[in-house]
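*Asks:* A single structure is presented below for examination.
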């Protein structure tokens, strides 16, 4: 349907982890929408939230990421239907948080909270009239054009102006189409260093209205750097050494990206445009949008926390993140446009800033003074939990399983209920609720530490075997270097050892990604390498008998749809180089260059995601045998999604680099408990399938594997 609700997740590759708070961002906005002060999640976006029929969270108790990988073939429905998958870190008691046991689900700014009753934070109507925001814009909402700086304001606040003698040589964006209230917004932020010339750009970030990063590039200054301002910019001399991009390159790219009716948003954006030496006619400056008295301005860090409930420019980080700042400024503008000046004024930002300053001063006082002050203050009231917030807004949440809500809305235990009973009640009650949490349980008998440790070892061992290939036989004095080079063209190698127990030498190669091992089996088996015609195969063990089936199912996984793996890249190639090389491929959406999680260096392979599956198929034909800067490429369909790739890396580095198991090992019988567990998982997948098929169209459905520790 044209106005159906859609979830768009921008995460791919390394960005496959989300926090508990990010999960709540999604649930809160999906369940409550803009009308209850909830804001779009920072990590994904829901389109047409008002069209959502409901939100259903299915919790598979006692199950974790480990179970998903161990019983991947049994989760037939889950892996075919759920396209977006993320690792939830750190572990948390999700249900306890929902029911309010120690959870803090609301933004730190109570003025933004759903059920805040503090009269101190909400100014009276008479006070609103004196608020600088109301005096500047009035109380009624306007479209975005009503908040753009006029030409006179741009001159007043030192913006680059077309035709100004001071802007001689500046580049005009040529975005001269008339702006309307539906013109696209773009967030812009730059980091600068001090050079002999003055302020020069060292990093530029541009994000679109959905928060997607369109540009995030380091720039080498033209003049000699006097001060890198690392504390604020995060830029160091070492970072800029390999950079070849110059200011004219960035100016050209910005002109190419921005549509003719683009509106730029930033915080004190005049400084960014001056450093970029660019002129743009339509801007919204958030430092002026949230007006203050006497020409003062709020800092972006404060506004992000007070208005959006987000922490940015954290002290733990080295310097500011321009993409984060650009996104924060954009979201502040979107809040102001959507909610209107009256809502912004009601936040009473001046009082919140005063309170924050007082709090910071109190933190510097001796402990005895603080204790005495706390004794004189009224006790702090607990923040209402997520389910309370839903009930306050008139929604009746449904909680089924081992924890349920009684008639008064309190959470009660119900340990005797079976999964079959939960399913039966869910099929009847979920359509009547807009927010449901359905819990299926594996059973406490399957949470024993020895059983989990055994499962973990089996998964690790099987993944190691799938990443490992044996190749040979070779001649007695073969060139190991040429063998390593040839197998390295299939992807990053974790370890390579010579097997000497056999009559003729073999090599054992363990790769870092599944695609590399599979590519080696497919492309090098029967090839002539180091003067020998060799055979390439995986280890043979009981656990590996279904390897071919597993590889095929991974390839068909809905998450790998339209994604291909490319190997044989030179490590000197940058992401920008690859973007240029692959730009001719039709419907290319994302390029992901895996990095070593310890050193930060990128690997000799990448993943390409296409908007259409057929485009990925066409790209495979083009890329195989393609030469990029003297390097011959090999490619195949993707097998391991971002979270699995990361999990493999962690398992390999947590247990030491393994060289592959013995070629033939004794067949093992599955223990009775594991066979029973396999049946239970299959049945749970069937329950989820049945419940999922009963849901109304436009229902947001989330499956959670919370784990046990």
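Residue numbers (this note's numbering): 28 to 736.
Note that beta-carbon positions come from the ideal geometry of N, C-alpha and C, so glycine has one too.
1) Do you know whose CA, among 300, 191 and 352, lies nearest residue 259's CA?
2) Rounded to whole angstroms, what's the CA-CA distance from residue 527 to residue 470? Just pull it up for me.
3) Would you list the residues sitting across from residue 166 in a DSSP beta bridge?
4) Between which residues of its own chain and residue 103 is the CB-CB distance below 7 Å, once the five residues before and five after are set aside?
5) According to DSSP, simplified to helix, strand and coil, what is residue 184?
6) Give me, in chain order, the residues of the same chain whose beta-carbon lies closer than 6 Å to that of residue 59; leave out the 5 immediate sequence neighbours on both sides.
7) So, do the region 582-597 and the region 533-553 have three or more beta carbon pairs nearer to each other than 8 Å?
8) Is residue 362 close to the ligand GTP? I mean its beta-carbon at under 7 Å from any heavy atom of the ligand.
9) Runs of 4 residues minimum, wholly inside the region 496-541: which ones carry the alpha helix (DSSP H) assignment?
10) Below 7 Å CB to CB, which residues in the same chain sit around residue 705 once its five sequence neighbours on both sides are set aside?
11) For the region 498-515 against the region 567-582, are there 3 or more C-beta pairs whose distance is under 8 Å?
12) Provide the residue span of the beta strand (DSSP E) that contains residue 489, from first to last.
13) Report back the beta-carbon spacing between residue 18 and residue 571 to the nearest angstrom; my notes put them in contact at under 8 Å.
14) Assuming residue 228 contacts residue 246 under a Cβ cut-off of 8 Å, what Cβ separation, rounded to an integer in Å, is found between them?
15) How many Å lie between residue 466 and residue 445 at the Cα?
16) Out of curiosity, what's the CA-to-CA distance linking residue 167 and residue 177?
17) Helix, strand or coil, according to DSSP, for residue 232 in the structure here?
18) Based on the DSSP output, what are the partners of residue 213 in its beta bridges?
19) Would you kindly work out how many angstroms separate the C-alpha atoms of residue 615 and residue 603, rounded to a whole number?
20) What residue does the alpha helix (DSSP H) around residue 103 start on, and which one ends it?
21) Is residue 106 buried or exposed, if buried means 16 or more other CB atoms sit within 10 Å of its CB?
22) Who does residue 590 pair with in a DSSP beta bridge?
23) Taking DSSP's pairing of strands, which residues face residue 227 in a bridge?
24) Compare the C-alpha of residue 518 against each of 194, 372 and 622 and name the closest.
25) Could you compute how far the alpha carbon of residue 725 sits from the alpha carbon of residue 80?
26) Apart from the five residues just before and just after residue 694, which ones in its own chain have a Cβ nearer than 7 Å to its Cβ?
27) Within 10 Å of its beta-carbon, does residue 403 have 16 or more other beta-carbons around it, so buried, or fewer, so exposed?
28) Under the three-state reduction of DSSP, which class applies to residue 724: helix, strand or coil?
29) Ordered along the chain, which non-local residues of its own chain (more than five positions away) have a Cβ less than 6 Å from that of residue 697?
30) Which residue marks the beginning of the beta strand (DSSP E) containing residue 466, and which one marks its end?
31) For residue 603, which of helix, strand or coil comes out of DSSP?
32) In whole angstroms, what separates the C-alpha of residue 141 from that of residue 266?
33) On a CA-only basis, which of 642, 236 and 536 is nearest residue 74? Give me that one, please.
34) Enumerate in chain order the residues of its own chain whose CB-to-CB distance from residue 49 is below 8 Å, with the five nearest sequence positions on each side excluded.
35) Helix, strand or coil for residue 654? Go by DSSP, reduced to three states.
36) Counting pairs of beta carbons, one from the region 470-490 and one from the region 551-560, are three or more of them closer than 8 Å?
*Replies:* Answer, in terms of the structure:
1) 352
2) 47 Å
3) According to DSSP, which records beta bridges pairwise, residue 166 is partnered with nothing at all.
4) 712
5) coil
6) 65
7) yes
8) Judged by which ligands are present, the structure shown has none, so any question about the ligand GTP falls away.
9) 507-515
10) 98 and 101
11) no
12) Run containing residue 489: none in the beta strand (DSSP E); it sits in the alpha helix (DSSP H), 476-494.
13) Because the chain here runs from 28 to 736, residue 18 falls outside it and cannot be looked at.
14) 5 Å
15) 10 Å
16) 19 Å
17) strand
18) 291
19) 14 Å
20) 103-108
21) buried
22) 636
23) 220
24) 622
25) 6 Å
26) Bear in mind that a pLDDT of 31 at residue 694, under 50, signals an unreliable position, so the model cannot answer this.
27) For residue 403, the predicted structure reports a pLDDT of 48, less than 50, and the residue's modelled location is therefore unreliable. The matter cannot be settled from this model.
28) coil
29) In this prediction, residue 697 has a pLDDT of 44, which is less than 50 and means its spatial position is unreliable; nothing more can be read from the coordinates.
30) 462-468
31) helix
32) At residue 141 the pLDDT is 25, less than 50, meaning the model places this residue with poor confidence; the figure from the coordinates comes in the next sentence. Looking at the two C-alpha atoms, the distance is approximately 44 Å.
33) 236
34) 68, 69 and 70
35) strand
36) no
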